[in-house]
Amino acid sequence: MNMNNQKGFANIVLIVSVIVLAGVVGYFVLFKKLPEVAQQTNTPTPTPTQTKTQNPTPAPTPKDETENWKTYTNTQYGFEVRYPDTFTHKTLYEYVFFDKKEQIDAGCNDGIGKPFCGFSFEGAKRYTSITKAIEAIPVGSSDTLTQSTRVLGGNSFTVVRRSSGTDFQLFYLIEKNGLFFTFFVQQSYAAVADQILSTFRFTK
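Take the sequence shown: its position 90, counting from 1, is numbered 90 in UniProt numbering, and each next residue is one higher.
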């Protein structure tokens, strides 16, 4: 009888031991595998966002203000220039005067007894050097001359500024084959003179 009880107790202990062992093994298997599974989880690679490159907007082409200007051609000396459509021109001897129509009609000329026109061609004369050409510019007792170089429309002009106090006039000189072409500019026409002379070109 005692023998049977001992066997039964031993069986119970064995069963309990198996259950405990199975629980311990199951615990370790379960909780040891979880980190491994977590480590094996593949993190999805983010898809790179493609930024659409926009082509730069081209800068607007500057408007050529001289495009619709009138053209003056001098066949005697072989050159041409364009001048504002609000201007007209008048020839007197070797001079060619450019100014607003009302100024031309009022009789502006080279300053002899009348006001200067705003812009004028003073003729082409032969000199041995630019120095000699500058020396031919009329100078008053209170006048001073300063000289510079300006490139307009691909042409290099010698610019002489004749000053008296705050007043000044400009003389633009350009040479070809020993001939010096001279353009006279009133103070208030200095800006438009640069535009006019940027269109200057020799025709022969």
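Beta carbons are placed, not taken as given, at the ideal position from N, Cα and C, and that holds for glycine.
Compare the beta carbon distance of PHE202 and GLY123 with 8 Å and say whether it is the shorter of the two. Not in contact: PHE202 and GLY123 (Cβ atoms no closer than 8 Å).
Does the contact criterion of 3 or more C-beta pairs under 8 Å hold for the stretch 83-95 versus the stretch 146-159? no
Between which residues of its own chain and SER198 is the CB-CB distance below 6 Å, once the five residues before and five after are set aside? LEU152, GLY153
GLN76 (DSSP reduced to helix, strand or coil): coil
Counting only runs that start and end within the stretch 75-143, where is the beta strand (DSSP E) found for 3 or more residues in a row? 79-83, 87-92, 95-100, 119-126
When the Cα atoms are used, what is the spatial distance from THR73 to GLN187? 25 Å
In the DSSP assignment, find the unbroken beta strand (DSSP E) run with ASP167 in it and report its ends. Residues 167-176.
State the DSSP-derived secondary structure class of SER188, mapped to helix, strand or coil. helix
With a threshold of 7 Å, establish whether the CB of ALA193 neighbours any heavy atom of the ligand FAD. Absence of the ligand FAD is noted for the structure shown, with no ligands found whatsoever.
Which whole-angstrom value is the C-beta distance of LEU173 and ILE130, which I expect to be below 8 Å? 7 Å
Rounded to whole angstroms, what is the Cα-Cα separation between ASP143 and LEU92? 26 Å
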